[in-house]
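Engineer:
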Amino acid sequence: MIGGGIAGVSAAAHLAPYGKVTLLEMEATLAYHTTGRSAALYVINYGAQGTRPLALASRGFLESPPEGTVDAPILSDRGLLWVGTEAQMGVLEEMAEQGKRSGAESELVSKEGAIEILPALRENWVAGGLYEPLARDIDVAGLHQAFVRIARSNDADIRNGSPVTEINQENGGWTATAGGETISCDVVVNASGAWGDLVAGLAGVAPIGLQPMRRTAFMVPGSQAYHHWPMTVEAEQHFYFKPDGVQFLCSLAEEVPEEPGDPRPRMEDVALAIERINEATILGIRAVNSQWTGLRTFAPDRDLVIGEDPTAPGFYWLVGQGGTGIQTSPAYGSLLASLATGSELAPELAAAGVDPAVTSPSRFR
Ligand SMILES: Cc1cc2nc3c(=O)[nH]c(=O)nc-3n(C[C@H](O)[C@H](O)[C@H](O)COP(=O)(O)OP(=O)(O)OC[C@H]3O[C@@H](n4cnc5c(N)ncnc54)[C@H](O)[C@@H]3O)c2cc1C
197 MIGGGIAGVS AAAHLAPYGK VTLLEMEATL AYHTTGRSAA LYVINYGAQG TRPLALASRG
257 FLESPPEGTV DAPILSDRGL LWVGTEAQMG VLEEMAEQGK RSGAESELVS KEGAIEILPA
317 LRENWVAGGL YEPLARDIDV AGLHQAFVRI ARSNDADIRN GSPVTEINQE NGGWTATAGG
377 ETISCDVVVN ASGAWGDLVA GLAGVAPIGL QPMRRTAFMV PGSQAYHHWP MTVEAEQHFY
437 FKPDGVQFLC SLAEEVPEEP GDPRPRMEDV ALAIERINEA TILGIRAVNS QWTGLRTFAP
497 DRDLVIGEDP TAPGFYWLVG QGGTGIQTSP AYGSLLASLA TGSELAPELA AAGVDPAVTS
557 PSRFR
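Just so you know, we're using our numbering here: the sequence shown kicks off at 197 and counts up by one.
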């Protein structure tokens, strides 16, 4: 397993019961990159249509993780309110239709309804909204740790500070070299996020065409009095914000192509987000407490890429999680394990309509 973000540890947790798993993470700590930088929301009506069933299928695990794997609930109430101006009402109606097709319980609300849910909205800006009350906050660290606990309890060997620098095909299997040590295995899982195509290159496997996209989030002063407000997202994703303790987590929701790496926030992105939020609300944001930037990595069609590469037996992809890699992680780890071991899909995946062909790397070959 290459990569110790949420993808790598979920796959490790789901595969470890079947055999020996070694997970190699190049950084000194797990979850240092995108996984540690998300907005931590669970929402059905979001992301590529093909991967939405993975979010639905993940709900059972997120609501009741296996006993002994978490110290506190992973999900907590939040709600999601999409909001728009008069000119954006068509966008919200189209989203409501998409939501219905994906099994989301969301409803269009009037201007007055939107202001009742989020009293900070400016009357002369908002014209209506789309509300998904069952959207929840995810305890990302708790979820990541749950997967690590499951993997370790099944004897997985999880190694930090182990950058994979070489991958070779040998005697019908594979070897991976990290930190001067070479490990032999039957199956390599490429869960290296933004580095996915580079890691494939080490193994002589053709790239998928993954594109990492920068997105910055930042915290501003808020108040405990607003803790029950939903996450609020502009209809065309020009900004979002949600209460986080006594602060608000905010973002411009930008998507800017970047090379794999450790991106830093840009002041102009933060300033523009503040300008837009202040135009739409009476929050009057003036100060920023902290900020960070992560890479959301997409395949060309924006669906996830899960499964064996038809050109390289034993080489599995688990990449392209984009903006939904936390909320879909229980299901895609389970799907990966079914594909790698040739076992049946878990019942919750089948019930949610997960189709392995939609996310198969074969679609790019
Ligand atoms: C601002 C922001 C908001 C988001 N909000 C949400 C949200 O609300 N809900 C949601 O579900 N998702 C959200 N996401 C998306 C989510 O965070 C990602 O989809 C997810 O974290 C991707 O996980 P990953 O394990 O693929 O990537 P990563 O966490 O980046 O893990 C990949 C790992 O591979 C390692 N690696 C790379 N190359 C090598 C190598 N050669 N050897 C060893 N290790 C290597 C890296 O060090 C890294 O740790 C958000 C993302 C951002 C940036």
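All C-beta atoms, glycine included, are put in the ideal place defined by N, C-alpha and C.
1. Using 10 angstroms around the beta-carbon of Y214, count the other beta-carbons present and answer buried if the total reaches 16, otherwise exposed.
2. Give the list of continuous alpha helix (DSSP H) stretches no shorter than 4 residues that lie fully inside the stretch 301-341.
3. I363: which of R559, V401, E293 sits nearest, CA to CA?
4. Cβ of M222 within 8 angstroms of any heavy atom in ligand 1?
5. Under 8 angstroms by Cβ, that's how I've got P456 and L394 pegged, so tell me the actual separation to the nearest angstrom.
6. I want to know whether the stretch 374-387 touches the stretch 237-253 - three or more CB-CB distances under 8 angstroms.
7. Which complete beta strand (DSSP E) runs does the stretch 504-528 hold, if anything under 3 residues is left out?
8. Touching or not, the stretch 320-328 and the stretch 296-308, by the rule of three or more beta carbon pairs under 8 angstroms?
9. From the DSSP output, in three-state form, read off Y228 for me.
10. For K296, which residues in the same chain have their Cβ closer than 7 angstroms to its Cβ, ignoring the five residues on either side in sequence?
11. Would you mind giving the Cβ-Cβ distance between M409 and R492, rounded to the nearest angstrom? I have them listed as a contact below 8 angstroms.
12. Looking at ligand 1, does it come within less than 8 angstroms of R498, judged from the CB to the closest heavy atom?
13. Round the Cβ separation of A313 and G200 to the nearest angstrom and send it over; I've been treating them as touching at under 8 angstroms.
14. Suppose the cutoff is 7 angstroms on Cβ atoms and the five residues either side in sequence are ignored; what does the same chain contact list for P417 look like?
15. Who are the near neighbours of A347 in its chain, counting only those whose CB is closer than 6 angstroms to its CB and skipping five residues on each side?
16. Whole angstroms is fine: what's the gap from L445's alpha carbon to P509's?
17. For the alpha helix (DSSP H) containing K438, list its first residue and its last residue.
18. Ligand 1 heavy atoms versus the CB of R185: any closer than 8 angstroms?
19. Would you mind giving the Cβ-Cβ distance between D267 and G338, rounded to the nearest angstrom? I have them listed as a contact below 8 angstroms.
20. Are the stretch 422-437 and the stretch 369-377 touching by the rule of at least three beta carbon pairs closer than 8 angstroms?
21. Which term fits Q407, buried or exposed, when burial requires 16 or more other beta carbons within 10 angstroms of its beta carbon?
22. Please tell me whether D505 and A390 are closer than 9 angstroms, where the distance is taken between their beta carbons.
23. Would you report the Cα separation of P526 and G357, rounded to the nearest angstrom?
24. For ligand 1, is there a heavy atom less than 8 angstroms away from the beta-carbon of T373?
25. First and last residue of the alpha helix (DSSP H) that includes F257?
26. With distances taken Cα to Cα, identify the nearest neighbour of E454 among S447, T489, H423.
27. Is it the case that the CB of P359 approaches a heavy atom of ligand 1 more closely than 8 angstroms?
28. With P430 as the anchor, note down where its beta strand (DSSP E) starts and where it stops.
29. So what's Q433 in DSSP terms, helix, strand or just coil?
30. If you reduce the DSSP assignment to three classes, tell me which class L276 lands in.
Structural biologist: In this structure, then:
1. The residue given as residue 214 occupies position 18 in the sequence shown. Exposed, since its Cβ has fewer than 16 Cβ neighbours within 10 Å.
2. Segments of the alpha helix (DSSP H) lying fully in the stretch 301-341: 307-313.
3. By 1-based counting over the sequence shown, the position of residue 363 is 167. If you compare the alpha carbons of R559, V401, E293 with that of I363, the shortest gap goes to V401.
4. Residue numbering aside, residue 222 sits at position 26 when the sequence shown is read from its first letter. Here the distance from the Cβ of M222 to the nearest heavy atom of ligand 1 is below 8 angstroms.
5. Working through the sequence shown from its first residue, we reach residue 456 at position 260. Working through the sequence shown from its first residue, we reach residue 394 at position 198. Confirmed, Cβ separation roughly 6 angstroms.
6. The stretch 374-387 vs the stretch 237-253: no contact.
7. Contiguous beta strand (DSSP E) elements confined to the stretch 504-528 occur at 511-515, taking only those with 3 or more residues.
8. Touching, yes.
9. The sequence position of residue 228 within the sequence shown is 32, counting from 1. In this structure, Y228 counts as coil in the three-state DSSP scheme.
10. Position 100 of the sequence shown holds residue 296. Its chain contains no residue whose beta carbon lies nearer than 7 angstroms to that of K296 once the 5 sequence neighbours on both sides are disregarded.
11. Taking the first residue of the sequence shown as position 1, residue 409 is located at position 213. Taking the first residue of the sequence shown as position 1, residue 492 is located at position 296. The C-beta separation of M409 from R492 comes to about 5 angstroms, placing the pair in contact by the 8 angstroms criterion.
12. Within the sequence shown, the letter at position 302 stands for residue 498. Residue side-chain check: R498 keeps its Cβ at 8 angstroms or more from all non-hydrogen atoms of ligand 1.
13. In the sequence shown, the residue the question calls residue 313 occupies position 117. In the sequence shown, the residue the question calls residue 200 occupies position 4. For clarity, residue 313 is Ile in the given sequence; the question names Ala instead. For a cut-off of 8 angstroms, the C-beta gap from I313 to G200 is around 38 angstroms, too long to register as a contact.
14. The count along the sequence shown starts at 1 and reaches residue 417 at position 221. Answer for P417: Q443, A483, N485, listed in chain order.
15. Reading the sequence shown from its first residue, position 151 is the one you call residue 347. A208, A209, A212.
16. As a first step, residue 445 is located in the sequence shown; it is residue number 249 there, counting from the start. As a first step, residue 509 is located in the sequence shown; it is residue number 313 there, counting from the start. If I take the Cα positions, the gap works out to 43 angstroms.
17. For the purposes of this step, residue 438 is identified with residue 242 of the sequence shown, where counting begins at 1. Here K438 belongs to no alpha helix (DSSP H); instead the beta strand (DSSP E) covers 436-440.
18. Limits of the chain in this structure are 197 at one end and 561 at the other, which puts residue 185 out of reach.
19. Counting from 1 along the sequence shown, the entry for residue 267 is found at position 71. Counting from 1 along the sequence shown, the entry for residue 338 is found at position 142. Contact between D267 and G338 holds, with the beta-carbon distance rounding to 7 angstroms and staying under 8 angstroms.
20. Short answer: they don't touch.
21. Taking the first residue of the sequence shown as 1, we reach residue 407 at position 211. Buried, because 16 or more other Cβ atoms sit within 10 Å of the Cβ of Q407.
22. Within the sequence shown, the letter at position 309 stands for residue 505. Within the sequence shown, the letter at position 194 stands for residue 390. In terms of Cβ geometry, D505 and A390 do not form a close pair [threshold 9 angstroms].
23. As a first step, residue 526 must be located in the sequence shown, where it is residue number 330. As a first step, residue 357 must be located in the sequence shown, where it is residue number 161. The alpha-carbon separation between P526 and G357 amounts to approximately 25 angstroms.
24. Within the sequence shown, residue 373 is the residue found at index 177, counting from 1. Taking the Cβ of T373 as the reference point, every heavy atom of ligand 1 lies at 8 angstroms or farther away.
25. Within the sequence shown, numbered from 1, the residue matching residue 257 stands at position 61. Counting along the chain, the alpha helix (DSSP H) containing F257 begins and ends at 248-259.
26. Against the sequence shown, residue 454 aligns to sequence position 258. With distances taken between Cα atoms, E454 lies closest to T489.
27. Taking the first residue of the sequence shown as 1, we reach residue 359 at position 163. Checking every heavy atom of ligand 1 against the Cβ of P359, one is found closer than 8 angstroms.
28. Here residue 430 refers to the residue found at position 234 of the sequence shown. Looking at the sequence provided, one finds Glu at residue 430 rather than Pro. Run containing E430: 427-430, per the beta strand (DSSP E) assignment.
29. Position 237 of the sequence shown, counting from 1, holds the residue named residue 433. If DSSP states are grouped into helix, strand and coil, Q433 belongs with coil.
30. By one-based count along the sequence shown, residue 276 stands at place 80. Reduced to three states, the DSSP call for L276 is strand.
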